[in-house]
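First up is the structure itself, then whatever we jot down about it.
There are 2 protein chains.
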Amino acid sequence: MTLFEETVKNIKPIEIDPDGKIRDYMNKFAIPAGSLGRLEELAISYVSITGDFNKAIKNKVIFTMAGDHDVAEEGVSAFPQSVTGEMVKNFLNKGAAVNILADHVGARVIVVDCGIKPDINSSPGLKIKKVGRGAKNIAKGPAMSREDAIKSIEAGIESFNEEVTNGIDIVGTGDMGIANTTPSSAIIAALDGLDPEVVTGRGTGINDKALQNKINVIKKALEINKPNPSDPIDVLAKVGGFEIGAIAGLCLAAAGNRTPIVVDGFISTAGAYIARKIKPEVGAYIISSHKSVEKGHSVFLEKMGKKPLFDLNMRLGEGTGAAIAIGLVEASMKLFTQMASFAKAGVSEADNV
Amino acid sequence: MTLFEETVKNIKPIEIDPDGKIRDYMNKFAIPAGSLGRLEELAISYVSITGDFNKAIKNKVIFTMAGDHDVAEEGVSAFPQSVTGEMVKNFLNKGAAVNILADHVGARVIVVDCGIKPDINSSPGLKIKKVGRGAKNIAKGPAMSREDAIKSIEAGIESFNEEVTNGIDIVGTGDMGIANTTPSSAIIAALDGLDPEVVTGRGTGINDKALQNKINVIKKALEINKPNPSDPIDVLAKVGGFEIGAIAGLCLAAAGNRTPIVVDGFISTAGAYIARKIKPEVGAYIISSHKSVEKGHSVFLEKMGKKPLFDLNMRLGEGTGAAIAIGLVEASMKLFTQMASFAKAGVSEADNV
């Protein structure tokens, strides 16, 4: 069995609080029942996924998956392709937004080179899992071979498996790759038979003319490559990217390990969506962080049946939304494990409901 | 001049980034312009209020203002009145949700007895500023005298002024008081001439019958007391509460000290709204944390022109929403002070916008 097959096989179906035991446990806390809203739901999800009522979330890891995209040459991004590698260096120098937000919530950032153009010197926070030097231009042919698509997924699986030995209580996804909203929009359009127009947004901030061009590029990519909507690996190979495959692999590996997965924004959701198409049971392990400004994101979220935790008008990626959400999940578990009960606090219960 | 008058006089009008200098400063960061959304706006607010481009937010203080309400005897709450004092003890034992969330974001909680029924033993985290032993039943007459209304505001001012000597970089508001959604709904109905029906919700979780009774109680309170809508102190005296006055005072004192104020949910917003009616300039110093489930909250927010940062279906009060929001404001200032610029990070700027 390949690493990919074995990982997928390991994923067990779970239900969120199937017998209401976690909710019952929570209703003993000295608060009006349900008054902590989604923080209660988060704790219920976390406990359901891990099976642990007493977990202190300590090891928080954000994987920022990086890859280049030759479709950048079609003028679909506001930034030049060189920015992918430049930002990887910025991550390693801890100067990027994801570094600061991860540090704020006590998470470590692992950057994975899944297939960027340049070679980056080895560094403690970097894993080199290059599947290629940039996914090919999807407007002209497939992004990668089917073999490389599996390799990109395995890059994510390996990253998780290596890092889990240092402890992982929660995983956050992240991405870096100039032009990668283009394959992400193409993925959802392909998998769900949607008009690219409905799921294509401005990415890093392109103007109307560039947006129209981007939509045309995605249409062309779908026409030329004819990805098979019922085969998520074919879709990844034809119109995806290395870092998107790695995010899918990360989700599969984390689910197999019963580790809650906090999914960042648009590109991360494309990866998570592929993982869920490969193995629907992955869905239950996923916590959606924020609603991105990027147009297609809410379509992904709806298809996955996920309601994001917050909407701060963000559209940066990197894992920035995941970082903030990890802080919320940790807070929810602190409440769950530390709040005093009515009995312990000597607080009277409701008498008029 | 009284402490109240002096505090109000000290509040200077501010504008949020009037000349765009803070935005310009931010646009040098190695991210697509505006891609951190409301985190950028938060930093811009914080810098505008404090005038400091280099602030590390260290001293975070949540003031949980407690007071009792004899209107509880009308059956407007799901919980017995004794819970107010019981919860104050729970706060001091650090077993409540606000303690855990404040600790999570590195904030300290100061509990202020603004007028609860019982006497609580002195304790390091407690300030005793009792204006009375519970506001009177507003369905039968005024909650308090005008003199006591000013005293309750001064309880908040004094609390801030005492605590500022230990350092305060940001203030969070919080409340505890069984039945206090009733005066809060009455306050907004009175100040804005609204039908109590539109601004009255289920508080700690009352049923339909109790809700109808609560609405009738508020109607009666407004009929009997005839609060003067153009006199916020009269409204506070007639249909308010001691902790609500103290929250108003806290907002006035913080604004006078150019300290950003993070306002919690429904009851806190009632206090902040009174402060803003007393001195409209206070509005610019206020950051709204979350959208509460409590029905009238969005009405308050709209009147104040504030968009909450998040909506997690919370309705607990105590300062729990403020705690989470303080974490976001701190994160925004870490981004503002620590993110690498395009130049420093060696990242290429946009070339296709």
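From first to last, the protein sequence lines stand for chains E and S.
The opening residue of the first sequence carries number -16 in this note's numbering; numbering runs sequentially from there.
The opening residue of the second sequence carries number -16 in this note's numbering; numbering runs sequentially from there.
We put the CB at the ideal spot given by N, CA and C, even for glycine.
Take residue i and list the residues in its own chain whose beta-carbon comes closer than 6 Å to its own, dropping the five residues that flank it on each side.
i        : result
S/Ser275 : Gly248, Phe249 and Arg298
S/Ile111 : Asp96
E/Arg116 : Lys100
E/Thr242 : Ile151 and Val154
The beta strand (DSSP E) with residue i in it runs from where to where?
i        : result
E/Ile45  : Lys43 to Gly50
E/Ile111 : Leu109 to Ile111
E/Gly279 : Counting along the chain, E/Gly279 falls outside any beta strand (DSSP E), and DSSP gives it neither H nor E.
E/Arg91  : Ala90 to Gly98
S/Val114 : S/Val114 -> no beta strand (DSSP E), and no H or E assigned at all.
S/Ile121 : First-last for S/Ile121: undefined, no H or E at that position.
Name the two residues that bound the continuous alpha helix (DSSP H) containing residue i.
i          : result
S/Val222   : Pro215 to Val222
S/Val182   : Pro179 to Val182
S/Thr(-15) : Premise fails: S/Thr(-15) is in no alpha helix (DSSP H) and is neither H nor E.
E/Thr303   : Thr303 to Gln321
E/Gly139   : Arg129 to Glu146
E/Ile257   : Phe249 to Ile261
E/Ala193   : Asp191 to Asn208
S/Asn82    : Ala80 to His87
E/Leu299   : First-last for E/Leu299: undefined, no H or E at that position.
E/Val66    : Val66 to Leu75
E/Gly175   : It is Asp, not Gly, that sits at residue 175 of chain E in the sequence shown. Start and end: Thr164 to Asp175.
S/Ala229   : Phe225 to Gly239
Mind checking whether residue i and residue j have CB atoms under 7 Å apart?
i        : j        : result
S/Phe343 : S/Val114 : Because chain S is modelled from -16 through 336, residue 343 of chain S falls outside the range shown and cannot be assessed.
E/Leu109 : E/Val94  : yes
S/Val154 : S/Ile244 : yes
S/Val222 : S/Pro210 : yes
S/Gly157 : S/Gly302 : yes
E/Ile136 : E/Gly228 : yes
S/Ile171 : S/Val182 : yes
E/Gly160 : E/Gly50  : yes
E/Ser324 : E/Lys4   : no
S/Ala61  : S/Thr164 : no
S/Ser271 : S/Lys289 : yes
S/Tyr29  : S/Val246 : no
Just to confirm my understanding: we take residue i, look at its own chain, exclude 5 residues before and 5 after, and list those with CB closer than 8 Å. What are they?
i          : result
E/Ser128   : Ala220
E/Met(-16) : Lys(-8)
S/Asp175   : Pro212, Val282 and Lys286
For a test of your reading of the model: does the CB of residue i fall under 6 Å from any non-hydrogen atom of the ligand SAM? Yes or no.
i       : result
E/Gly58 : Ligands displayed in this structure: none; no statement on the ligand SAM is therefore possible.
With distances taken Cα to Cα, identify the nearest neighbour of residue i among the options.
i         : options                                   : result
E/Ala314  : S/Val200, S/Ala79, S/Gly188 and S/Val44   : S/Ala79
S/Ile125  : S/Leu84, S/Val54, S/Asp294 and S/Ala138   : Residue identity check: residue 125 of chain S is Pro in the sequence provided, not Ile. Ranking S/Leu84, S/Val54, S/Asp294 and S/Ala138 by Cα distance to S/Pro125 puts S/Val54 first.
S/Ile201  : S/Leu177, S/Gly188 and S/Asp51            : S/Leu177
S/Ile261  : S/Ala333, S/Gly232, S/Gly58 and S/Asn190  : S/Gly232
E/Glu24   : E/Ala326, E/Ala333 and E/Phe319           : E/Phe319
S/Ala255  : S/Lys278, S/Ala305, S/Asn149 and S/Ile103 : S/Ala305
S/Gly34   : S/Glu(-2), S/Arg21 and S/Glu332           : S/Glu(-2)
S/Pro(-4) : S/Ile309, S/Gln321 and S/Leu235           : S/Leu235
E/Phe36   : E/Met316, E/Phe293 and E/Ser331           : E/Met316
S/Arg21   : S/Phe293, S/Gly300, S/Gln321 and S/Ala333 : S/Phe293
S/Ile230  : S/Gly98, S/Met9, S/Asn82 and S/Ile14      : S/Gly98
E/Ala263  : E/Pro215, E/Gly310 and E/Ser106           : Going by the sequence as given, residue 263 of chain E is Pro instead of Ala. Ranking the options by Cα distance to E/Pro263, first place goes to E/Pro215.
E/Asn196  : E/Asp131, E/Ala173, E/Ala162 and E/Asp217 : E/Ala162
E/Asn104  : E/Asn76, E/Asn82 and E/Ala118             : E/Asn76
S/Ile189  : E/Leu19, E/Asp334, E/Thr(-10) and E/Met9  : E/Asp334
E/Gly279  : E/Ser167, E/Val330 and E/Lys327           : E/Ser167
E/Met70   : S/Lys38, S/Ala13 and S/Ala237             : S/Ala13
S/Leu84   : S/Ala173, S/Asp131 and S/Ala308           : S/Ala308
E/Glu332  : S/Ser65, S/Ile257, S/Ile269 and S/Glu277  : S/Ser65
Note down, in chain order, each residue of its chain lying with its Cβ closer than 7 Å to the Cβ of residue i, except the 5 sequence neighbours on either side.
i         : result
E/Asn(-7) : Gly239
E/Ala347  : For residue 347 of chain E there is no data in the structure shown, the boundaries of chain E being -16 and 336.
S/Asp0    : Arg6, Ile27 and Ser31
S/Glu56   : Asn120
E/Leu295  : His273
S/Gly89   : Lys43
Per DSSP, residue i forms a beta bridge with which residues?
i         : result
S/Phe36   : In DSSP, S/Phe36 forms no bridge with anything.
E/Phe293  : E/His273
S/Thr156  : S/Phe46
E/Phe12   : E/Ser324
E/Ile(-3) : None, per the DSSP bridge assignment.
S/Val245  : S/Gly155 and S/Ile270
Does the beta carbon of residue i come closer than 7 Å to any beta carbon on chain C?
i        : result
E/Leu318 : Annotation note: the requested chain C is absent from the structure, which comprises protein chains E and S.
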